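Okay, so the sequence shown: first residue is 25 according to my numbering, each after it adds one.
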Amino acid sequence: MSTDVKTLAQITTDQSAVPAGWDLRAIVNDDNITYLAYNTQAKEAVVVDPVREDLPTLLAETKKLTGYRFLAVVDSHTHADHVSSAADLATAVGAPLVQHERSPSRRIHLRVSQDTHLPSQAAPLYILTTPGHTPDSLTVMWGPF
Numbered sequence: 025m026s027t028d029v030k031t032l033a034q035i036t037t038d039q040s041a042v043p044a045g046w047d048l049r050a051i052v053n054d055d056n057i058t059y060l061a062y063n064t065q066a067k068e069a070v071v072v073d074p075v076r077e078d079l080p081t082l083l084a085e086t087k088k089l090t091g092y093r094f095l096a097v098v099d100s101h102t103h104a105d106h107v108s109s110a111a112d113l114a115t116a117v118g119a120p121l122v123q124h125e126r127s128p129s130r131r132i133h134l135r136v137s138q139d140t141h142l143p144s145q146a147a148p149l150y151i152l153t154t155p156g157h158t159p160d161s162l163t164v165m166w167g168p169f
């Protein structure tokens with residue numbers, strides 16, 4: 025399995041649509057994309073859908089964000105196609121692990137049962153319950169992402 029780290033410029037065609045101060049890394053492997061979104065002005069970051077095989081790459085990428093506050097590590101749903109590293113990454117970066125209340129994981133810090141948001145300096149982190157793909161699906165929105 026190969027893993028690539030892609031910048032925002034590599035995955036979008038119009039970076040002008042992203043306000044100043046916002047950036048993103050996509051950790052892409054054969055089966056999954058993990059998103060590391062961050063705001064350089066507020067020094068805040070969020071990780072969505074980390075994969076166990078990519079944990080060394082994710083740790084290296086998060087260490088580049090020295091002095092950042094990680095608002096959350098989110099698993100958007102229970103993945104049948106890979107093993108999550110969300111709990112381990114949340115511990116490593118000192119952030120809460122956020123998942124839907126229906127998630128079977130026992131390591132969750134914040135279980136979401138209805139649409140909610142977490143305040144931050146950069147922008148509210150919206151976590152929407154969107155069952156459909158799986159009964160425990162969430163949609164995460166933060167700033168322009």
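All residues carry an ideal CB built from backbone N, CA and C; glycine is no exception. Only a predicted model underlies this, so the values are computations on that prediction, with no experimental measurement involved.
Tell me, which residues are paired with residue i by DSSP?
i	result
Ser254	The question about residue 254 has no answer, for the chain in this structure spans 25 to 169.
Glu68	Asn63 and Arg93
Thr140	Ile151
Val164	Ile151
Leu134	Val122
Asp28	Val52
Within its chain, find whatever has a CB closer than 6 angstroms to the CB of residue i; leave out the 5 residues flanking it on each side and keep chain order.
i	result
Gly45	Asn63, Thr64 and Gln65
Lys87	none
Val117	Thr86 and Phe94
Ile35	Ala50
Ser108	Asp99
Met165	Tyr150
Leu60	Arg49, Val71 and Glu85
Ser137	Glu125
Where do the ends of the alpha helix (DSSP H) carrying residue i lie?
i	result
Ile35	Leu32 to Ile35
Hey, would you say residue i sits closer than 8 angstroms to residue j, going by beta carbons?
i	j	result
Leu121	Arg131	yes
Arg135	Gln145	no
Leu152	Thr163	yes
Asp73	Thr90	no
Thr102	Thr158	yes
Pro168	Pro80	no
Ala110	His133	no
Once the 5 residues before and after residue i are set aside, which same chain residues still bring their CB inside 8 angstroms of it?
i	result
Asp38	none
Ser26	Asn53 and Asp54
Pro155	His124, Arg126 and Ser161
Asp28	Ile51, Val52 and Asn53
For residue i, I'd like the list of residues in its chain whose CB is within less than 7 angstroms of its CB, leaving aside the five on either flank, ordered along the chain.
i	result
Asp47	Leu32, Tyr62 and Thr64
What span of residues does the beta strand (DSSP E) with residue i cover, start to end?
i	result
Tyr92	Run containing Tyr92: none; DSSP gives neither H nor E here.
Gln123	Leu121 to His124
Arg49	Trp46 to Val52
Ile57	Ile57 to Asn63
Ile151	Leu149 to Thr153
Taking one C-beta from the stretch 87-102 and one from the stretch 68-77 each time, how about it: are there three or more such pairs within less than 8 angstroms? Yes: at least three Cβ pairs fall under 8 angstroms.
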